[in-house]
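Working notes, beginning with the structure itself.
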């Protein structure tokens, strides 16, 4: 089971990743491509080309590698950037259930106004 009690951040590796990579290969992607520390209290999530498999790299007194596969559906994976997209743990749960994580809101921010 995913132990995310002590996790502060979640990073999605946008685009596709070769999931034949193991812990060492994925941690090298985190270090070299994203310039992030794989030892921080974070989850690093990677997706394959068919968008039906995920690997999650997690450091908790040693590295954990979680693997999640969908049998019939596909993940709504962000493909637009070549960097890590920071999301919340709740957004990761939505993604695992099949919902889309939006990289930009289509709604304009509401300006504060005083109404008397």
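Numbering (my numbering), first residue to last: 25 to 140.
No residue lacks a Cβ here, since even glycine has one placed at the ideal position from N, Cα and C.
Quick caveat, the model's predicted, so the values are computed rather than measured.
Residue 41 sits buried, since 16 or more C-beta atoms from the chains shown fall within 10 Å of its C-beta. For residue 93, no alpha helix (DSSP H) segment is defined; the enclosing uninterrupted segment is the beta strand (DSSP E) at 87-93.
A straight line joining the alpha-carbon of residue 100 with that of residue 91 spans about 17 angstroms. The region 46-126 is shown to contain whole alpha helix (DSSP H) runs of 4 or more residues at 47-56, 113-121, in chain order. Residues 30, 31, 32 of the same chain have their beta carbon placed closer than 7 angstroms to that of residue 65, with the five preceding and five following residues left out of the count. By the neighbour-count criterion, in which 16 or more other beta carbons inside 10 Å mark a residue as buried, residue 51 falls on the buried side.
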